[in-house]
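Visitor: These protein sequence lines map, in sequence, to chains E and S. Residue 662 in this note's numbering sits at position 469 of the first sequence; the count goes up by one each step and never skips. Residue 704 in this note's numbering sits at position 143 of the second sequence; the count goes up by one each step and never skips.
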Amino acid sequence: MVELKVDWKPRDENTVFHHPIERIDGVEKASGFAKYSTDYAGLHTRLLTSPHAHAKITSIDLSPLKDVAGVKAAYVFPQRAPDGDTLFEINWEGTPIAAVAAETPAQAAQGAKAIKIEYEVLDHFVDEDDLEAAAARGLSKPGRRESVDGDPDAAIKNADVVHKGHYGIHSITHCCLEPHGSTCAWNGDDKLDVQLSTQNVSGTGGQFAGAPEIGIDAANVTVNCEYIGGGFGSKFAADEWGIACAALAKQAGRPVQLHLGRRAELGVAGSRPSGFADVTIAAKSDGTIVAWDSHHWGTNGIKGGTVSQVPYVIQPEHRRVRTTGIVTNTGPARAWRAPNHPQACALTCTVIDDLAAALGMDPLDVFLKNVGISTGSQLSNPAEVYQAEMETAAELMDWRGKWKGRGQWDDSGWKRGLGMALHTWGGRAGGGSCTIKVHPDGTVETFAGTQDIGTGTRTCIAQVVAETFGLPLSAVQVNIGSNKYPPSGPSGGSTTIGGVSGPHRRAAIDALGRIFDKVAAKYDVDAAQLSADGENVVAGGKTVCTWRQAAGLLGPMGLEVMGEGPKNDGLTSAGVGGVQMVDLSVDPETGRVRINKYVAVQDIGTIVNHQLAKSQVLGAMIQCIAYGLSEERIMDNASGRFINANLRDYKLPRIGDIGELVVEFYEPDEQYNKGVVGLGEPPVISGGAAIANAVANAIGVRVPVIPLTPKRILDALASA
Amino acid sequence: MSKQRVVTCSINGHEESFLCRPRQTLLEVLRDVLDLTGTKEGCSNGNCGACTILLDGRPVDSCLVLAVECEGAEIETIEGVAAHGQLAPVQQAFLEGAALQCGICTPGFIMSTKALLRENPHPSEEQIRFYLAGNLCRCTGYDKIVRAVQATAEQAAAEN
Ligand code: FES
Ligand code: FES
């Protein structure tokens with residue numbers, strides 16, 4: 194068989210790949226016909242959840258349910274029912290205890306309310322910032338990381354400038370607009386169909402099958418997810434409420450839908466750990482950072498883990514890092530877009546900005562200088578790439594023209610400021626496989642058990658395959674979103690676009706080679722000379738046959754080939770970086786912040802689709818504005834409750850809150866030649882720190898804890 | 562149990578009658594009774610705009626409207642925006658301008674945009690941002706939504 198080279202085409206030879214193509218599923222989404230998990234009908238479910246942050250259930254009585262009209266099934270979450278001496282301990286408010294399925298939402302709610310339950314309420318602790326209080330109650334524990342490199346004490350002692358400060362970033366939640374959940378339907382006793390809102394189509398069937406309440410063969414579970422309304426790292430599992438849904442459907446003998454209500458979605462379906470730190474940083478008078486010494490703490494809930502990777506990107510030669518985890522009665526953490534990185538960036542780049550202020554230097558110069566001398570393994574890119582990106586961002590922002598030292602801006606009323614921060618990410622392709630079928634009429638179908646979480650996975654697959662066969666996009670039918678297709682990895686950690694583009698390109702190249710063999714045999718030409726140009730198969734500029742005639746040679750069954758990945762053949766890669774800069778204004782009277790301009794410069798290897806890639810970055814920038822300025826899980830110490838778990842008080846930016854956003858990809862030829870890298874995580878990392886730094890530049894003092902709410906800004910101004 | 566009522570109204574230009582209970586929201590009836598699931602539910606309390614529909618031409622959060630209030634009303638939902646298998650210009654603009662990602666907020670944004678452009682065919686950027694402030698999106702950059710609304714308005718102006 195002819196061996197075709199596995200690589201991407203030279204940059205300027207692409208006609209579909211590496212082009213800003215519209216989403217191929219945009220019509221369904223814009224017309225309301227895209228079906229999400231919540232759109233599949235079934236009996237309605239409501240949960241009984243714990244109002245207490247820490248308690249034991251002493252009794253549960255479901256018998257009142259028999260008097261509630263419309264109730265068809267009820268379920269107590271495993272171990273939640275008191276069993277002799279072992280009382281199930283609830284460790285955070287909102288823990289699901291029971292679920293009731295009924296004909297209407299109102300009846301299900303009535304059912305959940307009718308369940309009689311008694312608790313023994315226990316002491317709780319939710320103050321994630323308060324290290325002393327946690328230690329006093331025995332709720333702090335040494336973190337996994339305690340490291341010393343070089344001699345930080347001596348380096349600090351001998352430094353020209355030393356800065357010390359306290360910094361922090363609060364917990365946020367994933368807050369998917371489509372809540373977690375599923376619609377489950379049984380087909381006989383042993384076949385389960387699940388419409389699941391998931392980032393992990395291929396990996397969740399076994400979780401349903403293996404649950405004791407379900408106990409069927411994994412091959413008998415179908416998981417579908419054609420469309421998903423956001424996940425951000427929180428939708429990898431079947432989840433206990435998914436199992437509950439399947440159990441209720443079995444009991445009722447009817448399809449059941451169970452999607453979390455907004456309060457539960459915010460409270461129990463995923464949060465990002467907080468991080469707080471006391472830091473000492475030291476530098477020479479020319480801005481060279483020589484030492485870092487930090488103790489940081491935070492919580493991921495009852496497990497008491499905390500963030501790592503501090504200091505971030507820039508690793509001074511001498512450093513000491515100590516971590517402490519705090520055990521809190523708060524909803525559990527899940528991977529939130531770029532786990533650890535936004536917090537690590539916030540706890541590092543704000544400190545460097547304060548150091549720059551102490552040195553009387555422009556922070557841009559301090560970052561430029563120190564990426565070049567950083568030690569350790571966090572730099573994903575050569576320093577020159579970061580430096581080039583910083584220069585590009587500075588130009589787009591007119592940083593050099595605008596920048597002034599803290600509080601030196603000549604403004605009355607609203608105070609203006611600039612801030613910046615850097616980030617890094619891996620983005621290696623995830624594992625994945627696919628099948629490509631070439632039909633005898635020349636059309637192509639692809640199948641992969643992946644999912645499109647908004648990234649544009651379908652579109653990228655279509656581009657890769659169409660480009661390889663030289664076909665228009667419309668000739669490629671992409672099938673994803675089912676675990677019946679060849680397995681693909683979960684969509685997390687920026688692994689998807691690399692994870693699907695490699696296997697699809699390999700399979701398509703393989704198929705093309707087989708088709709060329711047939712053409713070569715039939716028309717007596719050299720297979721190695723053939724190429725496909727959209728309409729025809731050509732050799733040396735001359736048409737040998739049409740594409741359709743070539744496909745016709747495959748016989749009535751057409752051709753089916755498999756693709757796999759990841760492989761080290763250069764199609765995909767890893768290791769990216771970027772810089773973000775923010776220009777904003779602060780109203781010192783009210784503490785309100787207005788974003789004037791926000792610039793993101795990002796390298797990302799081979800870009801499959803610039804339009805989709807830009808959307809990813811823009812969306813990430815909005816999330817940075819969210820967690821930078823307003824988004825926060827607010828826990829009430831007295832009640833142990835998450836008091837703003839609704840979309841009115843859990844403050845996300847609206848369309849008027851965002852200012853001018855500028856996205857620029859750093860893409861010289863070596864980036865195109867690098868291979869495909871995932872983009873979901875990197876642009877969401879450094880915006881929070883950049884915003885915090887711009888506020889410090891504007892008002893002349895550091896607001897130490899993110900998000901920079903009006904109250905925190907006013908408090909910082911008052912204490913200045 | 563409270564008595565069910567028959568409500569007759571126009572939905573996307575067609576007269577429809579449905580049975581509903583007094584406490585059922587319009588959102589619930591659209592989705593669960595009439596199978597019009599293009600209208601989405603994000604919060605059920607008027608804070609996300611995912612359930613936006615037009616009621617007698619005005620954009621409303623259908624999770625805050627009782628279905629029984631709709632007797633004789635004219636209701637427009639996302640399913641009625643495209644005509645004869647053709648996307649409406651506003652939908653086309655959202656698509657071409659990449660103003661959607663996961664897409665779950667998109668029907669609500671499109672309905673709000675429709676109402677805005679009917680009321681004010683030439684909105685300023687500030688007016689667009691003000692009018693769409695009730696619609697929440699967790700994934701896109703909003704920026705592209707503003708551009709898509711502007712593109713729709715410009716196209717309509719060019720055609721007139
Ligand atoms: S569902 Fe109606 S506003 Fe959110
Ligand atoms: S596109 Fe996902 S919420 Fe708007």
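We treat Cβ as the ideally placed atom computed from N, Cα and C, and that holds for glycine. Remember, it's a predicted structure, so these values are computed and weren't measured experimentally.
Residues of chain S with a CB under 8 Å from the CB of E/N839: which are they?
Guide: Here residue 839 of chain E is taken as the residue at index 646 of the first sequence, counted from 1. Here the neighbours are C604, N606, N608.
Visitor: For E/G524, go through chain S and note every residue whose CB falls closer than 9 Å to its CB, in chain order.
Guide: Counting from one through the first sequence, the residue named residue 524 of chain E turns up at place 331. Result: empty, since nearest Cβ-Cβ is about 18 Å, beyond 9 Å.
Visitor: Please specify which runs of the beta strand (DSSP E), each continuous and at least 3 residues long, are wholly inside the segment 221 to 296 of chain E, giving them in chain order.
Guide: With a minimum length of 3 residues, the continuous beta strand (DSSP E) runs that stay inside the segment 221 to 296 of chain E are 236 to 242, 248 to 254, 264 to 269, 289 to 295.
Visitor: Which ranges would you report for the beta strand (DSSP E) in the segment 779 to 838 of chain E if only whole runs of at least 3 residues count?
Guide: Fully enclosed beta strand (DSSP E) runs of 3 or longer: 786 to 795.
Visitor: Where DSSP assigns a beta bridge to S/R619, which residues make up the other side?
Guide: Working through the second sequence from its first residue, we reach residue 619 of chain S at position 58. Answer by DSSP bridge pairing, in chain order: S/L616.
Visitor: Taking 8 Å as the threshold, find out whether the segment 606 to 622 of chain S comes into contact with the segment 305 to 322 of chain E through three or more Cβ pairs.
Guide: Verdict: no, contact absent.
Visitor: If you scan the segment 378 to 405 of chain E from start to end, which runs of the beta strand (DSSP E) of 3 or more residues do you find wholly inside it?
Guide: The qualifying runs are 385 to 389.
Visitor: Strictly closer than 6 Å from CB to any heavy atom of ligand 1: give me those residues in the order they appear in the chain.
Guide: Listed along the chain, these residues meet the criterion: S/E602, S/G603, S/C604, S/S605, S/G607, S/N608, S/C609, S/G610, S/A611, S/C612, S/D622, S/C624.
Visitor: Beta carbon of E/T945: closer than 7 Å to some heavy atom of ligand 2?
Guide: This structure does not reach residue 945 of chain E, given that chain E is present from 194 up to 913, and the question cannot be answered.
Visitor: Looking only at C-alpha atoms, which of E/G381, E/S675, E/N890, E/G610 sits nearest to E/G398?
Guide: If you number the first sequence from 1, residue 398 of chain E lands on position 205. When only C-alpha atoms are compared, the closest one is E/S675.
Visitor: Tell me, to the nearest whole angstrom, how far the beta carbon of S/Q805 is from that of E/G812; I am working on the premise that it is less than 8 Å.
Guide: Nothing in the structure corresponds to residue 805 of chain S, since chain S is present only between 562 and 721.
Visitor: Should E/G374 be listed as close to ligand 2, given that the test is whether its C-beta is under 7 Å from any heavy atom?
Guide: On the first sequence, position 181 is the one that residue 374 of chain E refers to. No, the Cβ of E/G374 stays beyond 7 Å of every heavy atom of ligand 2.
Visitor: Note the first and the last residue of the continuous beta strand (DSSP E) segment covering E/T473.
Guide: As a first step, residue 473 of chain E must be located in the first sequence, where it is residue number 280. Per DSSP, E/T473 belongs to the beta strand (DSSP E) from 468 to 476.
Visitor: Reducing DSSP to helix, strand and coil, say where E/Y859 ends up.
Guide: Translated into the one-based positions of the first sequence, residue 859 of chain E becomes position 666. Here E/Y859 sits in coil by DSSP.
Visitor: Along the segment 581 to 594 of chain S, what residues have a CB closer than 8 Å to any CB found in chain E?
Guide: Residues R582, R584, Q585, E589, R592, D593.
Visitor: Does any residue of chain E have a CB that is nearer than 8 Å to the CB of S/T701?
Guide: For the purposes of this step, residue 701 of chain S is taken as residue 140 along the second sequence, with counting starting at 1. S/T701 counts as touching chain E.
Visitor: How many angstroms separate the CA atom of E/M613 from the CA atom of E/G880?
Guide: Locating residue 613 of chain E in the first sequence gives position 420, counting from the first residue. Locating residue 880 of chain E in the first sequence gives position 687, counting from the first residue. Taking the straight line joining both Cα atoms gives about 8 Å.
Visitor: Can you name, in chain order, every residue of its own chain whose Cβ lies under 7 Å from the Cβ of E/V794, other than the five neighbours on each side?
Guide: As a working note, residue 794 of chain E is residue 601 in the first sequence. Same-chain partners within the cutoff: E582, T585, A586, G771, V772, E857, Y859.
Visitor: With 16 other CB atoms within 10 Å as the buried threshold, where does E/L552 fall?
Guide: Stepping through the first sequence from its first residue, residue 552 of chain E is reached at position 359. The residue is buried, with at least 16 neighbouring Cβ atoms inside 10 Å.
Visitor: Threshold first: 4 residues or longer. Then list the alpha helix (DSSP H) segments lying entirely within the segment 551 to 619 of chain E, N to C.
Guide: The segment 551 to 619 of chain E contains these whole alpha helix (DSSP H) runs: 556 to 564, 576 to 590, 592 to 595.
Visitor: Is DSSP giving E/S912 helix, strand or coil here?
Guide: Start at 1 with the first residue of the first sequence, and residue 912 of chain E comes out as number 719. Looking at E/S912 - three-state DSSP - the assignment turns out to be helix.
Visitor: Under 8 Å, do S/I665 and E/L453 count as touching if we go by C-beta distance?
Guide: Working through the second sequence from its first residue, we reach residue 665 of chain S at position 104. Working through the first sequence from its first residue, we reach residue 453 of chain E at position 260. Contact flag unset, no.
Visitor: At 3 residues or longer, and completely inside the segment 687 to 743 of chain E: list those beta strand (DSSP E) runs for me, N to C.
Guide: Listed in chain order, they are 723 to 725, 729 to 732, 735 to 739.
Visitor: Closer than 8 Å, CB to CB, is E/F210 near chain S or not?
Guide: Within the first sequence, numbered from 1, the residue matching residue 210 of chain E stands at position 17. Answer no: the Cβ-Cβ gap between E/F210 and chain S never drops below 8 Å.
Visitor: For E/H489, count neighbouring C-beta atoms within 10 Å of its own C-beta (all shown protein chains included) and say buried if the count is 16 or more, exposed if not.
Guide: Taking the first residue of the first sequence as position 1, residue 489 of chain E is located at position 296. Answer is buried; the Cβ neighbour count reaches 16.
Visitor: Below 8 Å on the Cβ atoms is my contact criterion, and I expect S/L616 with S/P583 to pass it. Report the Cβ-Cβ distance as a whole number of Å.
Guide: Working through the second sequence from its first residue, we reach residue 616 of chain S at position 55. Working through the second sequence from its first residue, we reach residue 583 of chain S at position 22. Contact flag wrong, Cβ pair sits at about 18 Å.
Visitor: Name, going along the chain, the residues of the segment 791 to 821 of chain E whose beta-carbon falls closer than 9 Å to a beta-carbon of chain S.
Guide: Hits within the stretch, in order: Q804, L805, K807, S808, Q809, V810, L811, G812, A813, M814, I815, Q816, A819.
Visitor: Would you mind telling me which residues of chain E sit closer than 7 Å to S/P668, beta carbon to beta carbon, in chain order?
Guide: The residue given as residue 668 of chain S occupies position 107 in the second sequence. Those are G225, listed as they occur along chain E.
Visitor: Just curious, the beta strand (DSSP E) that E/S487 is in, first and last residue?
Guide: Numbered from 1 along the first sequence, position 294 holds the residue referred to as residue 487 of chain E. Segment 482 to 491, the beta strand (DSSP E) holding E/S487.
Visitor: If you draw a straight line from the C-alpha of S/F691 to the C-alpha of E/R847, how long is it?
Guide: Along the second sequence, read from residue 1 onward, the residue named residue 691 of chain S stands at position 130. Along the first sequence, read from residue 1 onward, the residue named residue 847 of chain E stands at position 654. Approximately 9 Å, taken between the alpha carbons.
Visitor: Check whether the Cβ of S/E539 lies closer than 8 Å to any Cβ atom in chain E.
Guide: As shown, chain S starts at 562 and ends at 721. That puts residue 539 of chain S outside it, with no answer to give.
Visitor: Answer yes or no: do E/G446 and E/S467 have a C-beta to C-beta separation smaller than 8 Å?
Guide: For this step, residue 446 of chain E is matched to residue 253 along the first sequence. For this step, residue 467 of chain E is matched to residue 274 along the first sequence. Not in contact: E/G446 and E/S467 (Cβ atoms no closer than 8 Å).
Visitor: Kindly indicate which residue of E/D322, E/I906, E/V416 has the alpha-carbon position closest to the one of E/A431.
Guide: Residue mapping note: residue 431 of chain E aligns to position 238 of the first sequence, counting from 1. When each option's Cα is compared against that of E/A431, the closest is E/V416.
Visitor: Nearest CA to the CA of E/G277: which residue from E/K249, E/T639, E/T288, E/A883?
Guide: Residue 277 of chain E sits at position 84 when you count from the first residue of the first sequence. Among E/K249, E/T639, E/T288, E/A883, the Cα nearest to that of E/G277 belongs to E/K249.
Visitor: Give the straight-line distance between the Cα atoms of S/L677 and E/E321, rounded to the nearest whole angstrom.
Guide: Counted from its first residue, the second sequence places residue 677 of chain S at position 116. Counted from its first residue, the first sequence places residue 321 of chain E at position 128. Taking the straight line from one Cα to the other gives about 44 Å.
Visitor: Among residues of its own chain, excluding the 5 on either side of S/G669, which ones have a beta-carbon nearer than 6 Å to its beta-carbon?
Guide: As a first step, residue 669 of chain S must be located in the second sequence, where it is residue number 108. Contacts found: G610, A611, T613, N696.
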